[in-house]
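For the sequence shown, the residue numbers in my numbering are 33 to 387. Even for Gly, the Cβ is constructed at its ideal location relative to N, Cα and C.
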Amino acid sequence: MTRLSLILMLVVCMFMSAGIVIMAQDEEAAETPSVDAADAADAQEADMMGEGGTISGEVVDTTADRNPIAEVTVEITNVVSGETVEVKTDEDGRYEQAGLPAGRYQMRYSREGYGNRTSRTKVLSAGGEVSVPMKMSKKDNIISFFQKFGFVFYPLAICSVVALTFIIERLFTFVRSRSRIGTEQFIASIADSLRKENIMEAVSTCEEAGGPLANVLKAGLLRYSQAQIEERDITKEEIQEAIEEASLLEIPELERNLPVLGTVAVVSPLFGLLGTVTGMITAFTTIALEGTGDPQQLAGGISQALLTTAGGLTIAIPCLIFFQLFDSWVNRHMVEISQVSTEIVNQLIVGETNA
């Protein structure tokens with residue numbers, strides 16, 4: 033039940049993260065040319081000619097059908113005077129504003145659910161007409177964003193859930209495995225108990241400290257204590273055997289699920305690359321059938337294909353980082369267990385020989 037709750041929590045976090053990424057997408061905007069003194073002078077001179085001009089255009093979406101977009105707010109701004117006039121598109125996506133003084137104008141297009149667009153500046157002469165068409169694309173929501181991944185979304189989603197689940201699970205495991213007593217203080221306390229030949233005090237210290245190192249040393253101390261109770265001699269090999277048996281229980285627990293993280297780190301970019309390759313095949317098939325008449329549509333298809341590679345790398349990079357981090361922690365625990373256990377065994381054998 034705990035594992036199921038954790039997986040559900042991670043799925044929610046994944047979709048929330050995707051939503052944040054989508055909301056953070058940059059608004060598409062055309063570069064606005066700077067207005068120098070000569071442009072301003074030309075605009076003022078044209079304005080003095082008197083008769084107003086007309087700015088019109090059509091706003092459509094970026095699909096192949098180029099559907100008109102109604103209720104788009106078009107802000108027509110005179111870049112010299114700063115005066116702004118607002119007009120909305122009709123059902124056919126068209127807008128028109130007459131009676132504008134001559135000058136340089138810039139249009140800003142906005143509608144809820146679509147990315148804002150800004151046109152380049154246009155020069156309107158007295159009594160003249162300027163047509164400024166514009167394309168607007170819908171903003172992605174969570175569903176539409178993941179639909180762009182195609183069939184590759186499902187293996188990538190599974191990889192992301194598995195990676196997040198086991199990363200958090202391993203973090204909890206390593207946090208729980210930390211000793212409640214500092215390593216140096218723990219070793220000093222064990223050594224002091226052995227100098228006083230108080231084996232049970234050393235065992236109690238191990239139980240108080242907890243963690244892989246304490247559990248392994250506890251196994252060796254209990255084997256030594258059992259030999260003392262039975263009033264028989266004990267060899268160094270016998271104590272080491274007890275320590276090794278305890279290590280076989282502790283180390284695999286630390287290494288558990290690490291191979292899964294390593295596999296996800298390798299497989300995720302491959303799934304992303306598979307999605308990119310299939311997307312490129314689709315794009316070039318479109319070129320073969322319909323030609324390159326619409327570069328924007330072709331670029332959009334390639335962009336969507338590359339999303340899968342970005343998704344695979346987004347999963348693989350943190351997965352690989354945590355895999356290396358966890359692996360280094362396991363190696364550190366193994367080295368620490370080996371060094372400390374050897375020191376304690378030697379101290380026990382020396383004490384047994386002196387006795």
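Per DSSP, the bridge partner or partners of residue i
i	result
Thr150	Arg140
Asp93	Met168
Arg126	Glu90
Gly85	Leu132
Ile108	Val117 and Met139
Val298	Val298 is not bridged to any residue.
Residue nearest to residue i in terms of C-alpha spacing, selected from the options
i	options	result
Glu277	Val309, Arg255 and Ala297	Arg255
Leu338	Ser360, Val367, Gly307 and Leu357	Gly307
Val362	Thr116, Val104, Arg210 and Thr150	Arg210
Val193	Leu357, Ile369 and Cys351	Cys351
Ile175	Phe185, Gly311 and Lys167	Phe185
Val92	Ala195, Gly125, Gly344 and Phe316	Gly125
Separation of residue j from residue i, as counted between CA atoms
i	j	result
Phe355	Leu281	21 Å
Thr292	Ile283	The residue asked about is misnamed: residue 292 is Val in this sequence, not Thr. Between Val292 and Ile283, the C-alpha separation is close to 16 Å.
Ala134	Ile347	55 Å
Thr64	Leu286	With a pLDDT of only 37 at Thr64, under the threshold of 50, the placement of this residue in the model should not be trusted, and no figure is reported.
Leu226	Gly252	13 Å
Ser360	Glu201	17 Å
Thr374	Lys228	19 Å
Phe206	Ile199	11 Å
Ala102	Ser151	18 Å
Glu90	Glu123	11 Å
Val367	Lys180	48 Å
Glu239	Ala223	15 Å
Leu290	Ser300	16 Å
Thr95	Val164	19 Å
Val119	Gly160	19 Å
8 Å Cβ shell around residue i - same chain, five flanking residues per side excluded
i	result
Val162	Gly85, Thr86, Ile87, Ser88, Tyr137, Lys154, Val155 and Leu156
Ala241	Ser211, Arg212, Ile213 and Phe218
Ile231	Ser225, Leu253, Tyr256, Ser257 and Gln260
Val298	Ala348
Arg143	Ile101, Glu103, Val104, Thr105 and Met168
Val248	Ile275, Ala278, Ser279, Glu282, Ile369 and Ser373
Ile353	none
Val235	Lys250, Leu253, Leu254 and Ser257
6 Å CB neighbourhood of residue i in its chain, flanking five on each side removed
i	result
Gln260	none
Ile54	Low confidence applies here, because Ile54 scores a pLDDT of 44, under 50, leaving its location unreliable; read the following figure in that light. Cβ neighbours of Ile54 beyond the five flanking positions: Asp172 and Phe177.
Leu40	No answer about Leu40 holds up, because its pLDDT of 42 lies below 50 and its placement is not dependable.
Contact set for residue i: own chain, Cβ-Cβ below 7 Å, skip 5 residues either direction
i	result
Leu380	Leu226, Tyr256 and Ile271
Supposed contact pair residue j and residue i - C-beta distance, whole angstroms, cut 8 Å
i	j	result
Val377	Leu245	About 14 Å; that fails the 8 Å criterion.
Val106	Tyr127	5 Å
Thr341	Leu302	With 8 Å as the limit, Thr341 and Leu302 do not qualify as a contact, their Cβ atoms being about 10 Å apart.
Residue i at chain B interface by Cβ criterion, 8 Å
i	result
Gln179	Absent from the structure: chain B. Only one protein chain is present.
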